[in-house]
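These notes concern the structure reproduced below.
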Amino acid sequence: MALAHVLGFPRIGAHRELKFAQESFWKGASDEAALRATGATLRARHWQAQADAGLDFVTVGDFAWYDQVLGTLALLGAIPSRFGFDPKQLSLADYFILARGSKQHFAMEMTKWFDTNYHYLVPEWTADVQFNGGVDWLHDEIAEARALGHKVKVALVGPLTLLYQGKIKSGLGHKLDLLPKVVAGYQQLLQRLHAAGIESVQIDEPILALELDAAWRNAFAPVYAQLNAQLSGSAPALLLTTYFGEVSEHAELLRSLPVAGVHLDLVRGADQLEQIVAGWPQDKVLSLGVVDGRNLWRTDLDQVLTKLKPLQAQLGDRLWVASSCSLLHVPVDLANESKLDEELKSWLAFATQKLAEIVALKLALNGKAAEVEAQFVASRAAQASRRSSSRIHNPLVQKRLAAVTAADAERSAGFDARIAKQQAKWQLPAFPTTTIGSFPQTAEIRQARAAYKRGEIGHLDYLDKMREEIRIVVEKQEQLGLDVLVHGEPERNDMVEYFGEQLWGYAFTANGWVQSYGSRCVKPPVIYGDVYRPEAMTVGWSQFAQTLTAKPMKGMLTGPVTMLQWSFVRDDQPRETTALQIALALRDEVCDLEKANIGMIQIDEPAFREGLPLKSRDWPHYLDWAVRAFKISAAGVGDETQIHTHMCYSEFNDILPWIAAMDADVITIETSRSDMELLDGFGEFAYPNDIGPGVYDIHSPRVPQVDEMERLLRKARGVIPDARLWVNPDCGLKTRGWPETYEALENMVLAAKRLRQTV
Ligand code: GLN
Ligand code: ZN
0 MALAHVLGFP RIGAHRELKF AQESFWKGAS DEAALRATGA TLRARHWQAQ
50 ADAGLDFVTV GDFAWYDQVL GTLALLGAIP SRFGFDPKQL SLADYFILAR
100 GSKQHFAMEM TKWFDTNYHY LVPEWTADVQ FNGGVDWLHD EIAEARALGH
150 KVKVALVGPL TLLYQGKIKS GLGHKLDLLP KVVAGYQQLL QRLHAAGIES
200 VQIDEPILAL ELDAAWRNAF APVYAQLNAQ LSGSAPALLL TTYFGEVSEH
250 AELLRSLPVA GVHLDLVRGA DQLEQIVAGW PQDKVLSLGV VDGRNLWRTD
300 LDQVLTKLKP LQAQLGDRLW VASSCSLLHV PVDLANESKL DEELKSWLAF
350 ATQKLAEIVA LKLALNGKAA EVEAQFVASR AAQASRRSSS RIHNPLVQKR
400 LAAVTAADAE RSAGFDARIA KQQAKWQLPA FPTTTIGSFP QTAEIRQARA
450 AYKRGEIGHL DYLDKMREEI RIVVEKQEQL GLDVLVHGEP ERNDMVEYFG
500 EQLWGYAFTA NGWVQSYGSR CVKPPVIYGD VYRPEAMTVG WSQFAQTLTA
550 KPMKGMLTGP VTMLQWSFVR DDQPRETTAL QIALALRDEV CDLEKANIGM
600 IQIDEPAFRE GLPLKSRDWP HYLDWAVRAF KISAAGVGDE TQIHTHMCYS
650 EFNDILPWIA AMDADVITIE TSRSDMELLD GFGEFAYPND IGPGVYDIHS
700 PRVPQVDEME RLLRKARGVI PDARLWVNPD CGLKTRGWPE TYEALENMVL
750 AAKRLRQTV
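Going by numbering that gives the first Met the number 0, the final residue of the sequence shown carries number 758, and the count climbs one at a time with no gaps.
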């Protein structure tokens, strides 16, 4: 009999209960007991959902007060010593200091968990880090789940993934130097779980989906031999999970590792099954992740069942049906969606619905198809309607896409010819100054936008308020003496949401929250159909702003890759097809802006780099279509129209040829926090087009002095020719207040002026 399980469930709660409890605790508005009570309620509810759905275990260990990697460190006692906390006595308040910092301590670094939008806290590896055991929280949670009558599977971040995802801070040559300590720590932990009667432990090693070098690859066999030896053949049985990509290059290793079972992600790595299953040992479980933990489409149950059936004969009860990865990356429950219509809802499955899908597959495999017939019928109907719905398939879009030629991606002249015409038209001074687009979003702006969305103020009132804001922003930029102005983006809450709401093919959920980090949640839009722009999206705002000034007003758009990257993307066509559809919609907007006499247009691509696949062998394909999508969005304009792009948080050195291939006339990038070092690559590569390296960090309210920025600019001049160099902040200013913004820009303009005196 096949079994059913998930690798983890979203912890934040269907109504973001954990977020509100955390934030209230941080503010001092409630105590630790209240926060703990919320956590316990959420865990109990999520376990109950798993049990009710008919899973064979509930997963314990996927809960975290902030992040599961930090949770693992707290559990092992491997918290950074620089905070001075006793790992065994760590309080929740201390734990939050690790995550968020305090007056005395800067927070642990945070970075993206593989290629997801979830951010984890980066372990700090020092020679003195200990793995001697820490807090009892996991053990308490296990007791909690058992008291509620559940059969428990414990989930842990695996030792090698934990090590790999950390950063060496001091005193170590290689992360693997810590291996003996780490293994001892996990041995201790597993023993304790064993003593508590835990029979199965899921141990996550997603690094197996990366391109590991030999040292890491070779570490798996001895590490798992040691963990297994410690258990001397008795429980808990280890289920080693891989996810986010295929792992067929490790087929031999996975077959021979001394673990009770292995989990594969068959959504991301659909093709790996055959290779891994051939010669699969007689005594090993194979858990197959067939329900997508990264996206929210209803599973094609027939298709999955057809794939699993032949395996059942081979594996019997060693076949487990599962989510591809933890469900952490999808929203909790479709039942809470009031905004989506029934048809659209019938195409979707959030975490709660995915539990039912997994169980339906298990039951169908176990000869109980009749019990889940209704589920299969609904799944079939959803697939059929997605294949044929006119909301999804727009012949206009498809025809246009089919007609796209290579020439559509190219400007009519090369950069040198274009920039000469642009310069003749605009007569900008040397080292032109500009900003990245947004200006401070004051409480008033937010209130007006919210009131308009709720229908409390009418369209004209709203228009008036926003125009007033634009007027102020333009006036301030004029006063500051900036050379290229922006309208300030007051009408935008979130850039992807702003464009998505105006494009066909996009849907927005009411409660589709997904944890991004800590208490921060995002509600990614859903791209369900062919993307089509019914009418201009930004032209009115830019045109109005341009009437207020004789200086160039930069139009402001979000690029195709970013629109894709920060959404749930349809799975019935390649990502690149969706990106190209968005690109065509943007191309029309770019051309409309040009027609409306907006002569500079910025197409932001802050998510360009994060779209890179996990395996570098897949990079060229991604980069080729991503660059093409950008170019198609930009290339419909004449030579005189200046296309800008902006990227942030990016390291570019490994993808510079592609950044150059995007052929934006001007690129602005974040560089100030790296002391302009990020720019070196551009210099070495002889990046040909104009470039604006950020001269100050917008993440902090600190006002940079003229000298500081001048110094950075001088450094930039060592790398970039004067004629190519722009002056701007690192990123948009919407999270800043006005006083610091004004002062900082005043200083920035001064720095540019000082520079001009030296040419
Ligand atoms: N134009 C956007 C802004 O200024 C860019 C935001 C971003 O790079 N994430 O806010
Ligand atoms: Zn940015």
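Think of the CB as a built atom: it goes at the ideal place given N, C-alpha and C, for glycine as much as any other residue. Computed from a prediction, not measured in an experiment: that's the story for all the values here.
Can you tell me which of the options puts its alpha carbon nearest to the alpha carbon of residue i?
i: T548; options: R470, T577, E455; result: R470
i: C590; options: M536, L611, E198; result: M536
i: L318; options: L354, V331, A259; result: A259
i: G693; options: D674, R701, Y686; result: D674
i: A751; options: K733, T740, C730, R713; result: R713
i: P489; options: T441, Y451, Q514, G454; result: T441
i: I141; options: L177, S101, Y163, L192; result: L192
i: S255; options: Q313, D114, A373, N217; result: N217
i: R780; options: N116, L592, P728; result: Because residue 780 is not part of the residues shown, which for the chain are 0 to 758, the question remains open.
i: A220; options: E245, L253, Q201, P9; result: L253
i: P720; options: V525, R491, G691; result: G691
i: L585; options: I642, A373, L239, G83; result: I642
i: H392; options: E588, G132, V530; result: V530
i: N227; options: V182, L592, L209; result: V182
i: I666; options: R672, D653, F629; result: F629
i: T734; options: L611, E683, G436; result: G436
i: Q572; options: L583, L89, G528; result: G528
i: N116; options: W540, R608, Q311, G413; result: R608
i: Q201; options: M646, D706, H4, R385; result: H4
i: L328; options: E742, L54, P523, D664; result: Looking at the sequence itself, residue 328 is His, so the reference to Leu does not match. Ranking E742, L54, P523, D664 by Cα distance to H328 puts P523 first.
Would you say residue i touches ligand 4, meaning its beta carbon is less than 6 Å from a heavy atom?
i: I435; result: Ligand 4 is not part of the structure shown, which contains ligand 1 and ligand 2 as its ligands.
Consult DSSP for residue i and reduce its assignment to one of helix, strand or coil.
i: G504; result: strand
i: K590; result: The amino acid occupying residue 590 in the given sequence is Cys; Lys does not appear at that position. In this structure, C590 counts as helix in the three-state DSSP scheme.
i: V376; result: helix
i: L326; result: helix
i: W46; result: helix
i: D264; result: strand
i: W657; result: helix
i: T433; result: coil
i: W757; result: Note that residue 757 is Thr in the sequence shown, not Trp. The answer is coil: DSSP assigns T757 none of H, G, I, E or B.
i: F651; result: coil
Between residue i and chain B, is the shortest Cβ-Cβ distance under 7 Å, so that the two count as touching?
i: N596; result: Considering every chain present, this structure includes no chain B. It has just one protein chain.
Please classify residue i as buried or exposed, where buried requires at least 16 neighbouring CB atoms within 10 angstroms.
i: T71; result: buried
i: V568; result: buried
i: F105; result: exposed
i: P428; result: exposed
i: P394; result: exposed
i: A334; result: exposed
i: A350; result: buried
i: V758; result: exposed
i: P79; result: buried
i: G157; result: buried
i: V57; result: buried
i: Q313; result: exposed
i: N596; result: exposed
i: Q759; result: A query on residue 759 cannot be resolved here, the shown segment of the chain reaching from 0 to 758 and no further.
i: Q164; result: buried
i: H149; result: buried
i: R267; result: buried
i: P605; result: buried
Residue i bridges to which residues according to DSSP?
i: S199; result: K152, A236
i: K553; result: M599
i: P692; result: I668
i: Y119; result: T110
i: Q641; result: M599
i: L347; result: W296
i: A405; result: A405 pairs with nothing; no bridge assigned.
i: A321; result: H4, G288
i: N727; result: G693
i: G487; result: S437
i: W124; result: I167
i: M646; result: I668
message = Extract the residue ranges of the beta strand (DSSP E) inside the segment 163–196, only unbroken runs of 3 or more that lie entirely within it.
response = Taking only runs of at least 3 residues, the beta strand (DSSP E) segments lying wholly in the segment 163–196 are 166–169.
inquiry  = Report the start-end ranges of each beta strand (DSSP E) in the segment 512–574 that is 3 residues or longer and not cut off at the edges.
reply    = For the segment 512–574, whole beta strand (DSSP E) runs of length 3 or above, ordered along the chain, are 513–516, 519–521, 525–531, 553–557.
message = Just to confirm the assignment: which complete alpha helix (DSSP H) runs, minimum length 4, are found wholly within the segment 48–82?
response = Assignment of alpha helix (DSSP H) within the segment 48–82, counting only whole runs of 4 or more residues, yields 67–75 in chain order.
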